[in-house]
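*Asks:* Protein chains in written order, with our numbering: chain A, 2 to 503; chain B, 3 to 132; chain C, 235 to 273. All C-beta atoms, glycine included, are put in the ideal place defined by N, C-alpha and C.
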Amino acid sequence: SHHVMQNEGLYKRPFNEAFEETPMLVAVLTYMGYGILTLFGYLRDFLRVWKIEKCHNATEREEQKEFVPLFQDFENFYTRNLYMRIRDSWNRPICSVPGAKMDVMERFTDDYNWTFKYTGKVIRGVINMGSYNYLGFAQNAGVCEEAAAKVLKQYGAGVCSTRQEMGNLDKHAELEKLVARFLGVEAAINYGMGFATNSMNIPALVSKGCLILSDELNHASLVLGARLSGATIRIFKHNNMTSLEKLLRDAIVHGQPRTHRPWRKILIIVEGIYSMEGSIVRLPEVIALKKKYKAYLYLDEAHSIGALGPTGRGVVEYFGLNPKDVDIMMGTFTKSFGAAGGYIGGSKELIDYLGMHSHSTVYATSMSPPVAQQIICAMKSIMGEDGTSYGQNCVQQLAENTRYFRRRLMEMGFIIYGNSDSPIVPLMLYMPAKIGAFGREMLKRNIGVVVVGFPATPIIESRARFCVSAAHTREMLDIALKVIGEVGDLLQLKYSRHRLIP
Amino acid sequence: LNSRGIWLAYIILVVLLHVILLSIPFFSIPVVWTLTNVVHNLVMYLFLHTVKGTPFETPDQGKARLLTHWEQMDYGIQFTSSRKFLSISPIVLYLLASFYTKYEAVYFVINTASLLSVLLPKLPQFHGVR
Amino acid sequence: YQYLLITCSYVLEPWEQSIFNTILLTIAAMVVYTSYVFI
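Shown next, in the form of structure tokens:
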């Protein structure tokens with residue numbers, strides 16, 4: 002557990018982050034389970050190759066056999082022999098907004114999850130513990146919806162052009178001014194897609210001869226953007242400042258490989274909240290390191306913007322730091338604003354440069370105006386500029402729900418990862434069969450959860466990932482906690498050896 | 003191969019393999035130990051030095067597709083603790099098998115050949131060699 | 235249920251479960267028998 006604090010003086014608030022170790026017996030049994038499934042996977046592949054079993058998988062036709070194989074069949078080994086068996090817990094079709102409650106379409110399979118059929122019935126009022134809806138703005142009614150509908154009538158849905166051409170609307174300029182004010186930076190620019198905000202802008206910021214220091218658990222969009230840029234990438238251990246400082250020192254002392262020329266730029270890339278771990282970046286220490294070694298800092302607040310900080314300004318406000326210390330403030334509107342897309346905030350010079358040089362502003366169609374309006378409404382509500390304290394109450398409610406939900410789960414004896422203030426609550430399942438069983442048992446009891454397994458997590462760290470929302474009432478959370486306790490007993494998931502004294 | 007408990011799981015699997023072979027009534031002790039050694043090395047050779055690529059999609063644009071598991075371990079860095087462990091374990095098994103077969107010639111040749119088949123690919127000089 | 239979950243038989247198809255249980259029982263029987271003979 003990370004209770005041991007380094008650089009205590011940098012923090013203005015307690016920083017409680019724990020990653021309880023996997024019990025050794027559970028780890029061994031998990032490997033054994035994967036071993037058994039692998040053996041049966043090889044058996045099934047053998048039967049498919051000898052046409053004893055019908056192959057549902059996409060394969061080349063006989064006439065195409067001589068060509069370069071389209072399907073890397075070994076790379077699909079895991080998908081067709083392990084994931085297929087439990088995939089009814091994934092990609093569940095819902096027929097309502099992903100709010101605090103949702104309606105799930107009922108489906109069944111008669112060929113072990115290779116194909117699904119709908120029963121035509123809808124499972125109503127499922128408590129949604131899986132969607133990213135931190136502040137509860139995912140609604141199809143209310144102020145935001147009416148404003149978005151009006152803008153939809155006025156502007157239409159699609160923009161069909163880029164920001165540098167016809168797609169530069171007043172709605173975008175209004176949103177960018179608001180985002181800059183919200184973040185407390187000089188200027189901001191927004192993009193129609195969160196993933197693209199990372200993958201298309203990092204190549205505009207760094208290139209060959211630059212060094213990127215990236216956290217090992219960074220999101221795929223950051224990884225793609227870093228690779229696309231051509232810069233040299235070095236990985237430091239997750240949230241480990243010792244590892245980061247060591248890389249920084251090596252980079253400065255040794256410079257570039259072979260030529261030993263100094264790096265043109267050193268860019269540290271971290272996320273505010275890590276959505277698989279539920280951990281919060283040690284931002285005070287990262288900023289102290291970047292100042293000490295004169296590096297640049299790229300902070301991805303995809304999950305923390307709106308969800309952290311007394312007024313929802315994200316991880317910078319959460320630690321009481323100055324936004325100007327972060328060179329590039331990136332974030333998305335997907336998780337807390339009930340919208341889509343992303344933004345980058347920073348100095349005016351940076352934003353003007355990105356407006357000229359970013360792949361997205363040159364090639365991508367810009368954000369749809371109704372979506373922009375949804376964000377403007379939600380953001381004004383959080384800032385209290387809509388004349389109500391609704392947004393502020395949501396921020397408080399989320400913080401309260403988060404602490405309550407995490408504490409209760411720990412009291413029950415589950416192993417919960419991450420920071421006690423993070424609205425993402427990973428509950429450890431470990432064994433592969435328990436992933437599928439947990440998802441099924443919870444839906445049976447009318448709770449929708451997201452379960453995650455290898456290779457999205459380390460092989461012995463499969464988990465259920467709860468996303469707490471401000472829209473969850475205390476009753477909903479208590480119902481969910483009761484059901485989780487029940488299923489936890491049924492599946493024997495209460496592995497924790499740290500008993501919380503209530 | 004660095005994650006928690008995997009070495010213990012590996013040792014338990016080898017012991018389990020040996021117990022299962024030991025439980026076959028008509029096998030003598032030397033045969034059981036030789037079979038344990040040979041089966042273990044065969045499986046190790048298959049999984050670490052034959053199968054290439056990854057059984058799941060990786061975001062490295064197919065870089066790992068042409069590498070065996072042994073070459074992908076620890077990003078190709080040599081002499082890591084996992085590599086040392088996986089190099090030592092067949093040797094320990096070989097010594098045990100040689101001891102229990104009382105160094106009889108036939109068994110000795112089989113065990114030695116089997117050991118070399120998993121030791122040679124582990125040498126750094128053979129990294130990436132086809 | 236714990237046996238099904240821990241051995242992952244829970245996600246196997248019925249015929250695979252039969253194969254798995256048969257093999258497991260056979261091995262267990264052999265181990266018991268040999269231990270008995272040995273002891």
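1) In three-state DSSP terms, what is Lys-122 of chain A?
2) State buried or exposed for Val-5 of chain A, treating a residue as buried only when at least 16 other CB atoms are found within 10 Å of its CB.
3) Determine the direct distance from the alpha carbon of Met-106 of chain A to that of Gly-126 of chain A, and round the result to whole angstroms.
4) Under 9 angstroms, CB to CB, which of the residues in the region 242-258 of chain C have a partner in chain A?
5) Would you say Leu-239 of chain C faces chain A, with C-beta separation under 8 angstroms as the test?
6) With contact counted as at least three CB pairs below 8 angstroms, one residue from each stretch, are the region 64-81 of chain A and the region 421-429 of chain A in contact?
7) Could you tell me whether any Cβ in chain C is nearer than 8 angstroms to the Cβ of Pro-27 of chain B?
8) For the alpha helix (DSSP H) holding Ala-296 of chain A, just list the boundary residues, first then last.
9) Since Pro-92 of chain B meets chain A, which of its residues come closer than 9 angstroms, beta carbon to beta carbon?
10) Does the beta carbon of Met-432 of chain A come closer than 8 angstroms to any beta carbon on chain C?
11) What does a CB cutoff of less than 6 angstroms around Phe-20 of chain A pick up in its chain, not counting 5 residues either side in sequence?
12) List the endpoints of the continuous beta strand (DSSP E) containing Arg-464 of chain A.
13) Starting from Asn-191 of chain A, follow its DSSP beta bridges and name the residues at the other end.
14) Could you work out which residue in B:Phe-49, B:Thr-114, B:Val-108 and B:Lys-124 is closest to Ile-79 of chain B when comparing CA atoms only?
15) I need the DSSP call for Lys-55 of chain A, collapsed to helix, strand or coil.
16) Give me, in chain order, the residues of the same chain whose beta-carbon lies closer than 6 angstroms to that of Cys-242 of chain C; leave out the 5 immediate sequence neighbours on both sides.
17) Using a Cβ-Cβ cut-off of less than 7 angstroms, list which residues of the region 54-69 of chain B approach chain A; keep chain order.
18) Hey, how far is the Cα of Glu-286 of chain A from the Cα of Tyr-275 of chain A?
19) From what residue to what residue does the alpha helix (DSSP H) around Ile-13 of chain B run?
20) Among B:Val-108, B:Thr-70, B:Thr-114 and B:Val-41, whose alpha-carbon lies nearest the alpha-carbon of Ile-93 of chain B?
21) Does Met-82 of chain A come out as helix, strand or coil in the three-state DSSP assignment?
22) Which word fits Tyr-109 of chain B, buried or exposed, when buried means at least 16 other C-beta atoms lie within 10 angstroms of its C-beta?
23) Which term fits Phe-49 of chain B, buried or exposed, when burial requires 16 or more other beta carbons within 10 angstroms of its beta carbon?
24) Helix, strand or coil for Leu-122 of chain B per DSSP?
25) If you draw a straight line from the C-alpha of Thr-82 of chain B to the C-alpha of Pro-126 of chain B, how long is it?
26) By how many angstroms is the C-alpha of Ala-189 of chain A removed from the C-alpha of Gln-375 of chain A?
27) Tell whether a beta-carbon distance below 8 angstroms holds between Gly-437 of chain A and Val-245 of chain C.
28) Would you kindly work out how many angstroms separate the C-alpha atoms of Gln-236 of chain C and His-358 of chain A, rounded to a whole number?
29) Would you list the one or two residues that DSSP bridges to Ala-19 of chain A?
30) I'd like the span of the alpha helix (DSSP H) that includes Lys-435 of chain A, first residue to last.
31) Could you pull the start and end residues of the alpha helix (DSSP H) that Ser-361 of chain A belongs to?
32) Within 8 angstroms, do at least three Cβ pairs link the region 229-238 of chain A to the region 197-210 of chain A?
33) Can you find at least 3 beta carbon pairs, one from the region 139-157 of chain A and one from the region 376-388 of chain A, that sit closer than 8 angstroms?
34) Along chain C, which residues have their Cβ under 7 angstroms away from the Cβ of Leu-24 of chain B?
35) Given this structure, state the Cα-to-Cα distance separating Cys-96 of chain A from Tyr-319 of chain A, to the nearest angstrom.
*Replies:* With the given structure in hand:
1) Position 121 of the first sequence, counted from the first residue, corresponds to residue 122 of chain A. Here Lys-122 of chain A sits in strand by DSSP.
2) Locating residue 5 of chain A in the first sequence gives position 4, where the first residue counts as 1. Interpretation of Val-5 of chain A is limited by its pLDDT of 44, a score under 50 that renders its predicted location unreliable; the figure taken from the coordinates is listed afterwards. It counts as exposed.
3) Here residue 126 of chain A refers to the residue found at position 125 when the first sequence is read from its first residue. Here residue 106 of chain A refers to the residue found at position 105 when the first sequence is read from its first residue. Just so you know, the alpha carbons of Gly-126 of chain A and Met-106 of chain A end up roughly 11 angstroms apart.
4) Within the region 242-258 of chain C, the residues whose Cβ lies closer than 9 angstroms to some Cβ of chain A are Cys-242, Ser-243, Tyr-244, Val-245, Leu-246, Glu-247, Glu-250, Ile-253 and Phe-254, listed in chain order.
5) Along the third sequence, one-based indexing puts residue 239 of chain C at 5. Taking 8 angstroms as the threshold, the shortest C-beta distance from Leu-239 of chain C to chain A falls below it.
6) Counting Cβ pairs under 8 angstroms, fewer than three are found: no touch.
7) Taking the first residue of the second sequence as position 1, residue 27 of chain B is located at position 25. Under the Cβ distance rule, Pro-27 of chain B counts among the residues neighbouring chain C, one pair being separated by less than 8 angstroms.
8) The count along the first sequence starts at 1 and reaches residue 296 of chain A at position 295. No alpha helix (DSSP H) holds Ala-296 of chain A; DSSP gives it neither H nor E.
9) Position 90 of the second sequence holds residue 92 of chain B. Ordered by position in chain A, no residue passes the 9 angstroms Cβ test against Pro-92 of chain B, which lies about 19 angstroms from the chain.
10) Residue mapping note: residue 432 of chain A aligns to position 431 of the first sequence, counting from 1. Output row for Met-432 of chain A: interface = yes.
11) Residue 20 of chain A sits at position 19 when you count from the first residue of the first sequence. Cβ within range, chain order: Tyr-418.
12) Here residue 464 of chain A refers to the residue found at position 463 when the first sequence is read from its first residue. Per DSSP, Arg-464 of chain A belongs to the beta strand (DSSP E) from 464-468.
13) Reading the first sequence from its first residue, position 190 is the one you call residue 191 of chain A. Asn-191 of chain A is bridged to A:Tyr-344.
14) As a working note, residue 79 of chain B is residue 77 in the second sequence. Measuring from the Cα of Ile-79 of chain B, the nearest candidate turns out to be B:Lys-124.
15) Taking the first residue of the first sequence as position 1, residue 55 of chain A is located at position 54. If DSSP states are grouped into helix, strand and coil, Lys-55 of chain A belongs with coil.
16) For this step, residue 242 of chain C is matched to residue 8 along the third sequence. No residues qualify anywhere along the chain.
17) From the region 54-69 of chain B, only Gly-55, Thr-56, Pro-57, Phe-58, Glu-59, Pro-61 and Arg-67 have a Cβ closer than 7 angstroms to chain A.
18) Start at 1 with the first residue of the first sequence, and residue 286 of chain A comes out as number 285. Start at 1 with the first residue of the first sequence, and residue 275 of chain A comes out as number 274. Put simply, the backbone Cα of Glu-286 of chain A is about 17 angstroms away from that of Tyr-275 of chain A.
19) Translated into positions along the second sequence, residue 13 of chain B becomes position 11. 8-24 is the extent of the alpha helix (DSSP H) around Ile-13 of chain B.
20) As a first step, residue 93 of chain B is located in the second sequence; it is residue number 91 there, counting from the start. For the residues B:Val-108, B:Thr-70, B:Thr-114 and B:Val-41, the minimum Cα distance to Ile-93 of chain B belongs to B:Thr-114.
21) Position 81 of the first sequence, counting from 1, holds the residue named residue 82 of chain A. Note on identity: in this sequence residue 82 of chain A is Asn, with Met being the wrong assignment. In the three-state DSSP reduction, Asn-82 of chain A falls in the helix class (H, G or I).
22) In the second sequence, the residue the question calls residue 109 of chain B occupies position 107. By the neighbour-count definition (other C-beta atoms within 10 Å, threshold 16), Tyr-109 of chain B is a buried residue.
23) If you number the second sequence from 1, residue 49 of chain B lands on position 47. When all chains shown are included, Phe-49 of chain B counts as exposed.
24) One-based indexing of the second sequence puts residue 122 of chain B at position 120. DSSP places Leu-122 of chain B in helix when its eight states are reduced to three.
25) Mapped onto the second sequence, residue 82 of chain B falls at position 80. Mapped onto the second sequence, residue 126 of chain B falls at position 124. Looking at the two C-alpha atoms, the distance is approximately 12 angstroms.
26) To locate residue 375 of chain A, count along the first sequence from 1; it is residue 374. To locate residue 189 of chain A, count along the first sequence from 1; it is residue 188. The alpha-carbon atoms of Gln-375 of chain A and Ala-189 of chain A are separated by roughly 17 angstroms.
27) Translated into the one-based positions of the first sequence, residue 437 of chain A becomes position 436. Translated into the one-based positions of the third sequence, residue 245 of chain C becomes position 11. Taking 8 angstroms as the cut-off, the beta carbon of Gly-437 of chain A is found closer than this to the beta carbon of Val-245 of chain C.
28) Numbered from 1 along the third sequence, position 2 holds the residue referred to as residue 236 of chain C. Numbered from 1 along the first sequence, position 357 holds the residue referred to as residue 358 of chain A. In this structure, the CA atom of Gln-236 of chain C is about 57 angstroms from the CA atom of His-358 of chain A.
29) Mapped onto the first sequence, residue 19 of chain A falls at position 18. Beta-bridge annotation (DSSP): Ala-19 of chain A is paired with A:Gly-419.
30) Translated into the one-based positions of the first sequence, residue 435 of chain A becomes position 434. Taken as a continuous stretch (DSSP letters only), the alpha helix (DSSP H) holding Lys-435 of chain A covers 433-445.
31) The count along the first sequence starts at 1 and reaches residue 361 of chain A at position 360. Ser-361 of chain A -> alpha helix (DSSP H) spans 360-364.
32) A contact exists between the region 197-210 of chain A and the region 229-238 of chain A.
33) With three or more CB-CB distances shorter than 8 angstroms, the region 139-157 of chain A counts as touching the region 376-388 of chain A.
34) By 1-based counting over the second sequence, the position of residue 24 of chain B is 22. In chain order: Thr-268.
35) Translated into the one-based positions of the first sequence, residue 96 of chain A becomes position 95. Translated into the one-based positions of the first sequence, residue 319 of chain A becomes position 318. C-alpha separation (whole angstroms): 35 angstroms.
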